[in-house]
Amino acid sequence: MRIKPIAAAALVTATTLALAGCATNETPAAGNTSASGGSQTLTGVGASSQKAAQEKWVAEFQTKNPNITVNYSPDGSGAGRSAFIAGAAAFAGSDRPLKDEEMGAGKFAGCAADSNALNLPVYISPIAVIYNVEGVTDLALDPEVVAGIFAGKITKWNDPAIVKTNPGAKLPDATITAVHRADDSGTTNNFTDTLNKLAPSVWAAPASDTFPADFGGEAANGTSGVVQAVTGGTNTIGYADASAAGSLGKASIVVNGKPLQPTAEAAAAILDHSQTVAGREANDLAYSLDRTSEGVYPAVLVSYAIVCQTYKDSAVATLVKDYVGYMASADGQAAAASAAGSAPLSSALQAKVKTALDSVK
Amino acid sequence: MTTGVGGAGGPGAAPPRTLWEATRKQNEPMTEKLTRPPTADPDAGPPAQADPRRPGEAIFRGLATGAGITILVILALVASFLLVQGSPALFADPAKLASQGYGEFASWVLPYAFGTVWAALLALLLAVPVAIGIALFISHYAPRRLAQPLGYVIDLLAAVPSVVFGLWGSLVLAPAVRPLYEALNAHLGFIPLFAGQVSGTGRTILTAAIVLATMILPIITSLCREVFLQAPRLHEEAALALGATRWEMIKMAVLPFARPGIIAAIMLGLGRALGETMAVTMVLSGSRNITFELLTSQNPNTIAATIAQNFPEAFGLKTNQLIAAGLVLFVITLAVNSIARWIVARRAEYSGAN
Amino acid sequence: MATIVHAAETLTAGRLPRATVPVSLVGSVLLGYALAILFTGGANIGLAVALAYLLFLLVMEIATRVVEGPRQASDRRATNLVVGAFVLALLPLGSLVWEVLSKGIPRFDVPFFSQSMRNVVGAGGGAIHAVWGTVYVTGMATLISVPIGLLTAIYLAEYGVRNRLSKAITFFVDVMTGVPSIVAGLFAYALMGLLLGPGSRSGFAGSIALSVLMIPVVVRSSEELLKLVPNELREAAYALGVPKWLTIVKVVLPTAVSGLVSGVILAIARVIGETAPLLIAAGFTASMNNNLFENPMMTLPVFVYDSYAHPGTDVQAYWDRAWAGALTLILIVMILNLAGRLIARRFAPKTR
């Protein structure tokens, strides 16, 4: 039988690949195989909003601790909470803290029998209203107008309500395509909460992970899907994590007469103006956000790390304390700001998270 | 086999519709005589009697039967998984579903069920004629030198991951077809299919159907081509020798022979179209509308895409409800397959092995 | 009957001159282009091509019908439609291949195949961990599915012809083709959770999920091909006193081997790009994992999806990696395909 040269080449390639079952940037001890006894693995599951930041944190943390492998699966907040409750993840990333009825000692398989969970804010990111309208580079919108657009009540770009806050802009006589998230998401939850708090007359529906079905509009999957739909379409508007907006225009939201851009500073301020949820343990840092304060950009996503107060396995506790501690440190927050465009926690809050983590056993 | 061709249409006989049927009729008694042993055990060839000195037969037969039963077991496991995990939502109090789930089950899942069937149907309508065309082109029209690489390329395209189809659909296809949609809406808007407010991004159910059609095209083509190539060469040559044109030869000798294979290929394509998750998720602007309008933003979403989109954030009862939706999709597949089986069963199936 | 009577006409009726096809093709293209400009006021390539094709069909139909007769006309129509279908299908497929190639090449370099994403943020890094994950997971899935699928197909085509069990199997295999991929993933995740403790994710769980999707494809395509093996071959073997199982192994399978291999490759191709089930069952990691049974394992589709869906601030670096990953996936299937063809040629009987 003759073997054709191309097939022979393919076989040779396959064989070479077979000889190289390792990656050159990994030291042999660092591979998370069970063979190397000194290596440890920390598993986190949770919000995809934290993915970019987690990637940076994992990289920095693993560089400092070459024997530790951290796997953060960006499966989603709900999956993260389920995994944490089932004991499948040492910590969960979640776009909302656990609710009162979800808390309670003994409800978490990975924690000691008498241990409750702790909600620690680690990631803050502004949600931008992004738009793609030809000839429009600056856009300022009242919360009522944003609500009206996404509720399908304002349908033309040259609607008087939009013209009012943008006297100089050349707004076309075109239909608005409002793009919202097709999937359930913490981003939608925080965005609808913002509209509900700031424009209750137009947006009566309470905050929800699901975008209200009867408001119509275009649906797209995930942050990248929304950004892509807004970029690829014409006369579109949408909402997405500010860091993902790329070259798209970001509308200013007019709060108390002042147009605010979704900047890190304007977003991070929100936790300094908000109160922690009442009735929780002293070290729990679950916040109920106050979006109406002066100078605070209202549409902000706060994402949490959910950890045990006391772990069943003390080795896991040490790993979690080290890793989450790094996440909430000044270094970690700066790293996330550079890699994910998030808003760093204020130093006061960093200290609170550290105190909470010190109590973890 | 060849002897039958000459006498295909004797005077007085009912004219056979195709050459293939003609030869088959002629041969039937003979084949029966050859294959049926005197003991007339219909599903065993002559040497199939269990022979204690040669256990190979029993072992092999047992292995084959065992494999078949394994499949049934796997499917039963999948079905019971869906039932167990989905039942909390199926039997939950509607008020509880409204507060902790996505709302009352039947009315929640109905638009998605509709969207699933509607998108798959559109995709099949687009893909099947084209796929059969390509398969015929490769098997009977293209020059031999061209045909092999072409078949190869088509096989490769079956491997393009759905994520890539999704990327392509939303980045390239949707913007490209939007002007076409606007033209359709402007000129043919009186047809209900093309009515409504045209989507500003082109991410409509028609776009999703085109993407799905592109995805299932290689699968249908690949199997059809194999089947077309297996058509008995002698029949084809006999048809041509009798003066049939190439198309008549295909109609008489290839297509009737390949019909069960074509249907199997379509069922494979349909299965993928019904269950496809990622591409639809990325391309379709889904909502909970039941509408036949093809060009608007308010398209019915599919079940698979709904599960994929909401599963990451689902929690507690919502998870159960999504899995129950998976069960509905399972039932839809079952129903669609039953209908297809029923259609096929009305026509006799040809098999070289029985 | 009718066809035979008409056969005489072809010998006497006139034939179109050879130049007809190119001339009318060029004419149609020009006219279609002109009409498209007339209708839309601009050069719309898509409309022009569609109009040109319809014109060409019409012209050829009329010309052949007048000169050569209705049978030749229907033959020409079929040819033109088949070629048309082919060209039509090449459009999206060609555009897709072009996208993947042009966008995948920039990061299709040595680091991509020698490094993992461990400790890599932004540009750089590679997908070797995902490549190996895909090879392990899909390889295991193939090892599970092909024996089960092929043996079932043999049962359906050779042993259980038209009995109740085989009817049930055929029906449920069809149902199985419709199991949505994400349900397969959830099933595998739940099953491994039961067996190995909650939340355990491993490459093997991914293999199980893929097997659920792969088995029906293997069964369906193999069964069709086994049925197409002519009875004469089986009868000849029986006549020589060969037992049925040896007939199947030595005669039926080798005769169908080229189709069987291409069916298996098709089945692999069908599942190798699955994203949703692998994300759930096999999980996510940035590091190399050579152990199929423990810890999450990265796979190429998950790599592609994740790079696309969750880029950091350096979006282009992630998207470049996503496209390069897609290109790699296609190349892996290409290598498999080549290998499959070699195997098929080796075992196929020397005919034709």
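Protein chains in written order, with our numbering: chain A, 72 to 432; chain B, 119 to 472; chain C, 1288 to 1639.
All C-beta atoms in this analysis are idealised placements derived from N, C-alpha and C, irrespective of residue type, glycine included.
Since we're looking at a predicted model, the values are computed, not measured.
The region 187-194 of chain A and the region 168-177 of chain A touch, with three or more beta-carbon pairs separated by less than 8 angstroms.
One Cα belongs to A:Ala130, the other to B:Ser198, and the distance between them is close to 41 angstroms.
Residue pairing from DSSP places A:Glu289 in a beta bridge opposite A:Val250. Within the region 319-348 of chain B, the runs of alpha helix (DSSP H) at least 4 residues long that lie entirely inside it are, in chain order, 323-348. For A:Cys93, the neighbours in chain C by C-beta distance under 7 angstroms run, in chain order, Met1575. In the structure shown, A:Val116 falls within a strand segment according to DSSP collapsed to helix, strand and coil. In its chain, beyond the 5 residues on either side, Asn292, Gly293 have a beta carbon closer than 7 angstroms to the beta carbon of A:Asp254. Restricting attention to beta strand (DSSP E) runs no shorter than 3 residues, the region 304-387 of chain A encloses them at 307-312, 320-326, 329-331, 371-379, ordered along the chain.
Contact check between the region 1435-1445 of chain C and the region 1502-1516 of chain C: three or more CB pairs, one atom from each, fall below 8 angstroms, which counts as touching. Interface annotation for the region 383-400 of chain B against chain C: Met385, Leu386, Gly389, Leu392, Gly393, Thr395, Met396, criterion Cβ-Cβ distance under 7 angstroms. Taking a Cβ-Cβ cut-off of 8 angstroms, A:Gln380 has no neighbours in chain C, whose nearest Cβ is about 20 angstroms from it.
When Cβ-Cβ separations below 8 angstroms define contact, B:Ser340 makes no contact with chain A.
Contacts with chain B (Cβ-Cβ distance below 9 angstroms) from the region 131-149 of chain A involve Pro145, Asp146, Gly147, Ser148, Gly149, listed in chain order.
Looking at C:Leu1383, C:Ile1567, C:Val1536, C:Pro1588, the one whose alpha-carbon comes closest to that of B:Val271 is C:Leu1383. Sorting A:Glu126, A:Pro168, A:Ile195, A:Thr302 by C-alpha distance to the C-alpha of A:Ala337 places A:Ile195 at the top. When Cβ-Cβ separations below 8 angstroms define contact, C:Phe1634 makes no contact with chain A. A:Val141 is not a Cβ neighbour of A:Gly181, given a cutoff of 8 angstroms.
Taking 8 angstroms as the threshold, the shortest C-beta distance from B:Asn419 to chain C does not fall below it. Taking a contact to require three or more Cβ pairs closer than 8 angstroms, the region 1379-1399 of chain C and the region 1549-1564 of chain C do not qualify as touching. Close CB contacts of A:Ala290 within its chain, under the 8 angstroms cut and outside five residues either way in sequence, are with Val250, His251, Arg252, Ala253, Phe282 (chain order). Distance between B:Val235 and A:Ser417, taken at the CA atoms: about 52 angstroms. Shown here, B:Pro247 sits in a helix according to DSSP, grouped into three states.
For B:Gly318, a Cβ of chain A is located within less than 8 angstroms of the residue's own Cβ. B:Gln427 has a beta carbon lying at 8 angstroms or more from every beta carbon in chain C. Fewer than three pairs of CB atoms, one per stretch, sit closer than 8 angstroms, so the region 1413-1420 of chain C makes no contact with the region 316-323 of chain B. Against chain B, the beta carbon of A:Ala284 has neighbours under 8 angstroms at Ser405, Arg406, listed in chain order. Beta-bridge partners of A:Lys227 (DSSP): A:Thr246. For A:Val141, the enclosing beta strand (DSSP E) stretches over residues 139-144.
Selection B:Pro336, B:Ala237, B:Gly434 evaluated against B:Pro206 yields B:Gly434 as nearest (Cα-Cα). The three-state reading of DSSP puts A:Asn190 in strand, counting E and B together.
Any Cβ of chain C closer than 8 angstroms to the Cβ of B:Gly379 would place that residue at the interface, and such an atom is present. Secondary structure in the region 1429-1482 of chain C: the alpha helix (DSSP H) runs of 4 residues or longer, each lying completely within the stretch, are 1451-1464 in chain order. With 16 or more neighbouring CB atoms inside 10 Å of its own CB, A:Lys122 falls in the buried class. Contacts between B:Ala422 and chain C, judged by CB atoms closer than 9 angstroms, involve Pro1467, Ser1468, Ile1469, Val1470, Ala1563 in chain order. Taking 8 angstroms as the threshold, the shortest C-beta distance from C:Arg1394 to chain A does not fall below it. Contact between A:Thr258 and A:Leu372 holds, since their C-beta atoms are separated by about 6 angstroms, short of 8 angstroms.
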